[in-house]
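Asks: So in numbering that gives the first Met the number 0, spot 73 of the sequence shown is number 72, and the numbers just go up one at a time.
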Amino acid sequence: MSKRGSSLSDARAFGRLRRVSLASLFRLVLFLFLLGGALQPASSMAQSVAVMVSGQDSAVAAVSAGVKEALTRARYTEARGLKWQTQSVQGGAVMAAQIARNIVGRHPTVIVAVGAQAAKAAAGATDTIPIVYAAVTDPVAVKLVPSAGGASGTNVTGVSDYLSLDKQVDLIEALVPDAVTVGMVYDPHEADSVALVARLREVLSKRGMSLVEAVASRPADVGAAARSLIDKADVFYTNADSTVMSAYAALVKTGNDAGIPLIATDTDSVRLGAVAALGINYHDLGIQAGGMVVKILKGAKPGDMPQQAVGKPKLFVNETVEKKLHLTLPSTIVKPGVEIIK
0 MSKRGSSLSD
10 ARAFGRLRRV
20 SLASLFRLVL
30 FLFLLGGALQ
40 PASSMAQSVA
50 VMVSGQDSAV
60 AAVSAGVKEA
70 LTRARYTEAR
80 GLKWQTQSVQ
90 GGAVMAAQIA
100 RNIVGRHPTV
110 IVAVGAQAAK
120 AAAGATDTIP
130 IVYAAVTDPV
140 AVKLVPSAGG
150 ASGTNVTGVS
160 DYLSLDKQVD
170 LIEALVPDAV
180 TVGMVYDPHE
190 ADSVALVARL
200 REVLSKRGMS
210 LVEAVASRPA
220 DVGAAARSLI
230 DKADVFYTNA
240 DSTVMSAYAA
250 LVKTGNDAGI
260 PLIATDTDSV
270 RLGAVAALGI
280 NYHDLGIQAG
290 GMVVKILKGA
300 KPGDMPQQAV
310 GKPKLFVNET
320 VEKKLHLTLP
330 STIVKPGVEI
340 IK
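#1: Closer than 7 angstroms by C-beta to residue 128: which residues in its own chain qualify, once you throw out the five before and the five after it? Chain order, please.
#2: Name the DSSP beta bridge partners of residue 238, please?
#3: In terms of residue numbering, what span does the alpha helix (DSSP H) encompassing residue 251 cover?
#4: Measuring straight from C-alpha to C-alpha, what distance separates residue 319 and residue 304?
#5: Is the closest heavy atom of the ligand GTP to the C-beta of residue 251 under 7 angstroms?
#6: If you reduce the DSSP assignment to three classes, tell me which class residue 340 lands in.
#7: Quick check on residue 189: does DSSP put it in helix, strand or coil?
#8: Between the alpha carbons of residue 237 and residue 261, how many angstroms are there, rounded?
#9: Between the Cα of residue 283 and the Cα atoms of 112, 79 and 312, which residue gives the shortest distance?
#10: Do residue 120 and residue 150 have their CB atoms nearer than 8 angstroms?
#11: Could you give the DSSP three-state label for residue 115: helix, strand or coil?
#12: Quick check on the burial criterion: 16 or more other C-beta atoms within 10 angstroms. Buried or exposed for residue 295?
#13: Comparing C-alpha positions only, which one of 286, 190, 165 and 91 sits nearest to residue 308?
#14: Return helix, strand or coil for residue 175, following the three-state DSSP convention.
#15: Based on DSSP bridge pairs, tell me the residues matched to residue 161.
#16: Pull up the distance between the alpha-carbon of residue 71 and that of residue 65, whole angstroms please.
#17: So, for residue 251: in the same chain, excluding its five sequence neighbours on each side, which residues have a beta-carbon less than 8 angstroms away from its beta-carbon?
#18: Could you check the C-alpha separation between residue 132 and residue 327 for me, to the nearest Å?
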């Protein structure tokens, strides 16, 4: 064979080899790309989490932040493709139901409902999309689930913020031993608050105490409602009612001006001016609920997941308010682990 023929043959062989190498390289790149996608959490597959919140108070914000933190820890982030949307359902049951229907129409992978009003609206809008409730005191009273604890067998599961009312009253008696009447401001449209009022009235009755109530359907009404209780209540008590929490400063001012101690269930309320709270950390509750969301994003069915309750409550005390109101916590409840806010 001539040199020219040999060179032509070598060129053709090199061309074939080059084409084979390029094809192999393309297949390798495609394989690695697909493998990379498979190794990503499911969030990168355009999954979405819709967060419905009851109001915009500090407890609600803490829960939402906790949920997002749990998702981030599990590598479910917006940077990796997770769609995250938050919407408040303030405005009453009718408006809440409308907002819930709009959210359901977007077909999110999971709905996180923070607070009773949001949870009730979400459950009323869909029986197929998974719902994780958070910071709902009595999910049965709100008609989210047929029974407390255990798996619901439906599209709903979540974390309750239920706390023993007996222990709450123990704290009231320890701080204000002479208290006979407990005043409470709440939103009559908050199913959780309505259910709690009924239980609290019963618990107080067994202790020889009574409950006096004032309702506030809007944050703007909280101050006036609290002032209406000044001559009736020895101590104020608050739960995580979203309407009241949205105007907590008005309640704190009323109590301080009248010399009436304010005891809460939300530990963040102590930083806002309550004298004490035997309660929970709502950010931690959000992390707990977020863990349930992660499991659902990975394929778990909410109806098979047992509902959860918060862990052991912790005592928070506002030392500044305690001194201002001339109160003294007895040594029986001042133990290691008590959080003192100065």
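No residue lacks a Cβ here, since even glycine has one placed at the ideal position from N, Cα and C.
Replies: Well, looking at it:
#1: Counting from one through the sequence shown, the residue named residue 128 turns up at place 129. Counting only Cβ-Cβ distances below 7 angstroms, and skipping sequence neighbours, we find 103, 107, 110 and 154.
#2: Your numbering for residue 238 matches position 239 in the sequence shown. DSSP output for residue 238 lists no bridge partner at all.
#3: The residue given as residue 251 occupies position 252 in the sequence shown. Residues 247 to 257.
#4: To locate residue 319, count along the sequence shown from 1; it is residue 320. To locate residue 304, count along the sequence shown from 1; it is residue 305. Each residue's Cα considered, the two are about 43 angstroms apart.
#5: Within the structure as shown, the ligand GTP is missing, as the structure has no ligands at all.
#6: As a working note, residue 340 is residue 341 in the sequence shown. Three-state DSSP puts residue 340 in a strand.
#7: In the sequence shown, counting from the first residue as 1, residue 189 sits at position 190. Three-state DSSP puts residue 189 in coil, outside helix and strand.
#8: Taking the sequence shown and counting its residues from 1, one reaches residue 237 at position 238. Taking the sequence shown and counting its residues from 1, one reaches residue 261 at position 262. Cα to Cα, residue 237 sits roughly 8 angstroms from residue 261.
#9: Along the sequence shown, read from residue 1 onward, the residue named residue 283 stands at position 284. The candidate whose alpha carbon is nearest that of residue 283 is 312.
#10: Translated into the one-based positions of the sequence shown, residue 120 becomes position 121. Translated into the one-based positions of the sequence shown, residue 150 becomes position 151. Not in contact: residue 120 and residue 150 (Cβ atoms no closer than 8 angstroms).
#11: Position 116 of the sequence shown, counting from 1, holds the residue named residue 115. DSSP places residue 115 in helix when its eight states are reduced to three.
#12: The residue given as residue 295 occupies position 296 in the sequence shown. So residue 295 counts as buried.
#13: By 1-based counting over the sequence shown, the position of residue 308 is 309. Of the residues 286, 190, 165 and 91, the one whose Cα lies closest to the Cα of residue 308 is 286.
#14: Within the sequence shown, residue 175 is the residue found at index 176, counting from 1. Three-state result, residue 175: coil.
#15: Mapped onto the sequence shown, residue 161 falls at position 162. Paired residues: none, contrary to the question.
#16: Looking up residue 71 in the sequence shown gives position 72. Looking up residue 65 in the sequence shown gives position 66. Each residue's CA atom was taken as its position, placing residue 71 and residue 65 some 10 angstroms apart.
#17: Counting from 1 along the sequence shown, the entry for residue 251 is found at position 252. Once the five neighbours on either side are set aside, the close Cβ partners of residue 251 are 261, 271, 272 and 273.
#18: Within the sequence shown, residue 132 is the residue found at index 133, counting from 1. Within the sequence shown, residue 327 is the residue found at index 328, counting from 1. Roughly 37 angstroms between the two C-alpha positions.
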